[in-house]
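In what follows, a structure is listed as structure tokens, so that the remarks can point back to it.
Residue numbers (the numbering used here), protein chains in the order written: chain R, 2 to 300; chain C, 45 to 337.
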């Protein structure tokens, strides 16, 4: 009786889970298997089953093609800069906000700092392409000081700076929440004890706040580095134009443009595999390193 | 606090306060600027000298905008995919998360690991596109609703929440003769309003704001969601081309600048309206996701 009941429960649970399981299978795991087309000359009409297998042809082509080197270099540079500037920003902001004593001021600041997170990239992109345009507000202000107009949006050397700082502007407040939440968990006695011992503000942050946040920092950093080569396509497509392509084209935009709109499915899938491999290597090795040095790891 | 009295402390507090005032201003200034541009008369808007206050106040651009059937259609599409997508997201996520919290679920651990795997490694674009294509969803709004309806992150948030529901309650219900489905539908879901609301909010904002899905899956202009219409309007060099890009040929003579500004605001307003009320939920959700990894 009891045994029988247990079996039915299992079946009911499987049934309840089935829409979700089917979704994961169809939209996550079948695409992973679909990576196989990188080893074929994939043809839409023949499909995966009847397209010609060509082995590593597309991978060889990839390494011989000069455009690939450009895209690889751009992706690495973009990822490194975003982490270098984008990762510490919310942490620093949270530390500074935590020092504000007026609670209404703190709360209002927080609310306003989250706001851009909820605006789409079309809106943010729309606003800033207007502001930075040749005749836009920024150039009008520069003109008042007698400076010649700067073509922010078409000059390659401004591209990275603009895109990365807009990314930070949009997400810094939101990313800061995690640190603020972790800070509320710190025992206030620690701060009082440190103050009695005469510790300065900086020493209290250095010896109490930062060590308490360390597990969160490491976990977020690991996750972020695993996605080093992933770019926000919705963001980049907005600012990419032929004039800044040499610095702005990264893996994700390249796969979209050449693969999807250009129909080169197999070649760009090979690029996608290359990108995931780097991501996996980064996560696994850094996770190992982190577990050895700090004892924290994501899995 | 006692230390506030020292001179350097006070200086720090002031500098820090001013820093945050400037930063917060930078968060709302762009929106205020747009509002000012959209309410200015064409002459001033074209000379681009409007900063935060309208010059030559007029509202005619909104009349033009509200008269565009395409924009309302886009708004309708966005509302439809957002509501439908959010509903399906809740169904998929909660049912899977519930099953994974029950010890009777077969292969529970391995399934949980397989789901975690997709959280760390991103799904490839081209093969996903081919899957959606082979399901016949190209140029159908289902392509914007179904593929994004379930994600590992949400499953884990919900699973963590469900695990907090007392197992005594569940056992009591089962002794009273309820099956697993009864427990899920009549006990777990009603008790989980906070987490359901949080996930619903995350998902609806995500769907409302996205344009990439529509860019790759939708061909038919009458099925474009608002964000894609707006993107086409903005990215084209002049408003005339933009109107062309979103399929309007009504010979409208509005300044491109004011029209773009007004269109951006038109798309932002729904978010700005719900934002103050729901902000608390968003923040709770973000913490829920971050602290209980």
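No residue lacks a Cβ here, since even glycine has one placed at the ideal position from N, Cα and C.
By the rule that beta-carbons nearer than 8 Å mark a contact, residue 20/R touches chain C. For residue 110/R, a Cβ of chain C is located within less than 8 Å of the residue's own Cβ.
The Cβ of residue 183/C sits no closer than 8 Å to any Cβ of chain R. For residue 226/R, the uninterrupted alpha helix (DSSP H) run begins and ends at 211 to 227, by DSSP. Nearest to residue 86/C by alpha-carbon distance, out of 323/C, 196/C, 306/C and 330/C, is 306/C. Look at residue 265/R here: in three-state DSSP terms it is coil, with no helix or strand label. Per the coordinates, the alpha-carbon of residue 145/C lies some 14 Å from the alpha-carbon of residue 231/C. Nearest to residue 235/R by alpha-carbon distance, out of 263/C, 194/C, 250/C and 302/C, is 250/C. For residue 256/R, no alpha helix (DSSP H) run applies, since DSSP gives it neither H nor E. Residue range 246 to 249 is occupied by the alpha helix (DSSP H) that includes residue 247/R.
Looking at the DSSP output, residue 42/R shares a beta bridge with 53/R. Annotation: Cβ neighbours of residue 260/C in chain R (cutoff 9 Å, chain order): 257, 261 and 262. Secondary structure remark: continuous alpha helix (DSSP H) runs of at least 4 residues inside the stretch 146 to 178 of chain C, in chain order: 152 to 164 and 169 to 178. Cβ-Cβ distances below 6 Å link residue 69/R to 63 in the same chain, with the five nearest sequence neighbours on each side left out; the list follows chain order. For residue 111/R, the uninterrupted alpha helix (DSSP H) run begins and ends at 104 to 115, by DSSP. Contact annotation for residue 78/C against chain R: 128 [CB-CB distance below 7 Å, chain order]. A Cβ-Cβ separation of about 16 Å leaves residue 192/R out of contact with residue 95/R under the 8 Å criterion. Listed in chain order, the non-local C-beta contacts of residue 114/R below 6 Å within the same chain comprise 174, local neighbours out to five positions each way being set aside. Closer than 8 Å at the C-beta level to chain C, one finds these residues of the stretch 216 to 248 of chain R: 217, 220, 224, 227, 228, 231, 234, 235, 238 and 239. Annotation for residue 284/R: 227 place their beta carbon closer than 6 Å to its own, counting only its chain and skipping 5 residues before and after. Per DSSP, reduced to three states, the secondary structure at residue 263/C is coil, with no helix or strand assignment. In terms of Cβ geometry, residue 83/R and residue 252/R do not form a close pair [threshold 8 Å].
Around the CB of residue 175/C, 16 or more other CB atoms lie within 10 Å, so the residue is classed as buried.
By alpha-carbon distance to residue 122/R, the top candidate from 265/C, 226/C and 255/C is 255/C.
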